[in-house]
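Heads up: the structure comes next, in structure tokens.
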């Protein structure tokens, strides 16, 4: 199976602009990182193809459809960041061309990223879903104009996307081995203020391990 992964707003299109960044920059980073995580674990018969990000939307779709051997049994995803006017929105949503693909992708993304579940929606109105030959889905990872969404998607989005695609393919990505906490070396107790005292028949006060003792 061929898996096409496209970052939206290629070419000269910045997409949404907010929080000192652009949608094009953010989704390109997500796609590249997700691809690096996923590629070593695809197994025989699966091929991940990252669509060049210098292509505009029509050229992006044309690239997918003209790939040798492409078929309706392959899948393609376009990755976006959402934006809105007024109070920033929040959450992840997926628009389907192929509902089964969108359902799985959305479920894993929501679980792994942890943002609000905005649901799976009919995406037939999107050029990407309408015109690509493989089964498709268009993903809105989170809201670029919401600082909290942006920070979380940057941190968790690539691994979540890789896991979502792997889940669709029936692949379980290995979890990184946690680094064990080093055991501190055994250290001898800190000695108290010990003094050798000669007692000559009178009351004497000495200090042993921080405690004053009265000896008669």
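Numbering (this note's numbering), first residue to last: 1211 to 1426.
All C-beta atoms in this analysis are idealised placements derived from N, C-alpha and C, irrespective of residue type, glycine included.
Note that the structure is a prediction, hence the values are computed from the model and not measured.
Residue i (DSSP reduced to helix, strand or coil)
i	result
residue 1258	strand
residue 1242	helix
residue 1329	strand
residue 1348	strand
residue 1305	strand
Sequence-distant residues of its chain with Cβ nearer than 8 Å to residue i (five each side left out)
i	result
residue 1363	1236, 1240, 1291, 1323, 1325, 1351, 1352
residue 1282	1343, 1344, 1345
residue 1211	1255, 1256, 1257, 1283, 1284, 1285, 1379
residue 1247	1368, 1369, 1372, 1383
residue 1278	none
residue 1231	1354, 1360
residue 1331	1303, 1304, 1305, 1306
residue 1251	1376, 1381, 1383, 1384
residue 1264	1220, 1221
residue 1314	1374, 1377, 1378
Buried/exposed call for residue i, threshold 16 Cβ in 10 Å
i	result
residue 1384	exposed
residue 1310	exposed
residue 1233	buried
residue 1254	exposed
residue 1295	exposed
residue 1337	exposed
residue 1361	exposed
residue 1339	buried
residue 1365	exposed
residue 1333	buried
residue 1268	exposed
Cβ neighbours of residue i in the same chain (closer than 7 Å, five flanking residues each side left out)
i	result
residue 1357	1229
residue 1298	1353, 1355, 1356
residue 1320	1302, 1327
residue 1280	1212, 1274, 1343, 1344
residue 1245	1215, 1258, 1260
residue 1223	1234, 1266
Beta-ladder partner(s) of residue i, from DSSP
i	result
residue 1231	1228
residue 1223	Looking at the DSSP assignment, residue 1223 forms no beta bridge with any residue, so it has no partner.
residue 1338	Paired residue(s): none; residue 1338 is not in a bridge.
residue 1213	1258, 1285
Proximity test, Cβ basis, 8 Å: residue i and chain D
i	result
residue 1277	This model lacks chain D altogether; it includes just one protein chain.
Cβ-based neighbour list, residue i, same chain, cut-off 6 Å, excluding 5 preceding and 5 following
i	result
residue 1318	1373, 1374, 1377
residue 1341	1271
residue 1243	1368
residue 1219	1225, 1233, 1234
Any non-hydrogen atom of the ligand COA within 7 Å of residue i CB
i	result
residue 1258	With respect to the ligand COA, the structure shown offers nothing to examine, as it has no ligands at all.
Contained beta strand (DSSP E) runs [length at least 3] in the stretch 1258-1302, N- to C-terminal order: 1285-1292
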